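Numbering (the numbering used here), first residue to last: 274 to 546. All residues carry an ideal CB built from backbone N, CA and C; glycine is no exception. Predicted model, so just to flag it, every value in this text is computed and none were measured. Beneath this line is the structure, given in structure tokens, with notes to follow.
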């Protein structure tokens with residue numbers, strides 16, 4: 274049974290509970306971040322903590338914990354669980370409120386560590402299907418616990434035998450997935466959106482290691498998907514997944530050479546981490 278950190282205490286997952294009066298329960302008011310380990314080490318933990326605290330700042334959540342305190346809690350929670358590899362979820366809840374809506378300073382820090390399970394191997398061998406959805410996130414640079422849109426559009430994706438749904442804004446710009454960032458490839462050029470998205474850590478690691486590639490960070494219109502050569506999505510839990518179909522658009526019959534090269538680059542980074 275997993276051990277979680279619950280605002281100052283380490284508890285078994287069965288005993289780790291949040292008050293029903295917490296604003297995270299009543300109003301969906303909270304922020305989180307998610308990462309995984311490689312070789313039992315939390316991947317780019319400092320960058321995840323920075324983004325985590327930025328999410329709290331953007332959503333006006335009280336975050337009195339220092340980077341060192343959060344880092345120490347993460348490492349201690351990992352030790353108490355000792356899984357071969359782990360998922361790590363950081364969470365700040367809104368805490369209890371005097372009127373069930375006005376935030377106070379009683380925020381709670383929670384760290385959940387669970388055993389990492391593998392993704393389906395065929396995703397990386399054959400590629401996957403994704404869909405798009407006309408929707409946008411409020412405060413897209415904040416990783417908030419308000420996931421209603423994501424849950425609905427991801428269910429729609431599953432009903433269409435897709436693994437992810439990519440948001441498209443009112444100007445027809447491709448944004449990001451419910452839990453991933455998207456890259457497309459045209460004439461060997463790698464293109465990814467840069468505005469109104471969550472700055473993915475896996476995305477940034479990949480962008481920092483694309484020496485020798487032609488890379489363009491800009492708006493991507495939906496209509497461009499009709500003529501791309503390749504696509505792939507990235508996230509902490511999925512890593513780099515090649516995309517062969519978007520909506521009813523066949524991108525390719527198998528993962529393309531650029532996508533495969535990026536997968537290899539990322540694996541090289543994580544193997545040595």
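Reference residue i; option with closest CA among the options
i: residue 297; options: 287, 326, 380 and 315; result: 380
i: residue 405; options: 436, 419 and 461; result: 436
i: residue 527; options: 438, 353 and 518; result: 518
i: residue 462; options: 486, 429 and 392; result: 486
i: residue 407; options: 281, 445, 525 and 420; result: 445
i: residue 506; options: 427, 439, 371 and 345; result: 439
i: residue 531; options: 337, 484, 543 and 378; result: 484
i: residue 529; options: 482, 426, 470 and 401; result: 401
i: residue 355; options: 537, 468, 387 and 398; result: 387
i: residue 343; options: 535, 442 and 280; result: 280
i: residue 534; options: 397, 491, 494 and 424; result: 397
Identity of the residues DSSP links to residue i by a beta bridge
i: residue 305; result: 364
i: residue 359; result: 388
i: residue 464; result: 457 and 489
i: residue 494; result: 446
i: residue 369; result: 295
i: residue 383; result: 279 and 364
i: residue 438; result: 404
Start-to-end residues for the beta strand (DSSP E) that takes in residue i
i: residue 507; result: 503-508
i: residue 488; result: 487-490
i: residue 328; result: Unbroken run through residue 328 is the alpha helix (DSSP H), 318-331; no beta strand (DSSP E).
Cβ separation of residue i and residue j, assumed to be a contact under 8 Å, to the nearest whole Å
i: residue 508; j: residue 452; result: 5 Å
i: residue 503; j: residue 488; result: Contact flag wrong, Cβ pair sits at about 14 Å.
i: residue 500; j: residue 459; result: 7 Å
i: residue 447; j: residue 516; result: Between residue 516 and residue 447 the Cβ distance is about 12 Å, and since that is not below 8 Å, they are no contact.
i: residue 457; j: residue 495; result: The pair is not a contact, with the Cβ atoms about 11 Å apart (cut-off 8 Å).
i: residue 324; j: residue 306; result: 6 Å
Residue i - containing alpha helix (DSSP H), residue span
i: residue 452; result: From DSSP, residue 452 is part of no alpha helix (DSSP H); its letter is neither H nor E.
i: residue 286; result: Run containing residue 286: none; DSSP gives neither H nor E here.
i: residue 530; result: 530-544
The stretch 349-356 / the stretch 325-335 touching (three or more Cβ pairs under 8 Å): no
Specify whether the stretch 415-422 and the stretch 474-482 touch according to this definition: at least 3 beta carbon pairs, one from each stretch, less than 8 Å apart. no
Are three or more beta carbon pairs between the stretch 278-297 and the stretch 362-371 nearer than 8 Å? yes
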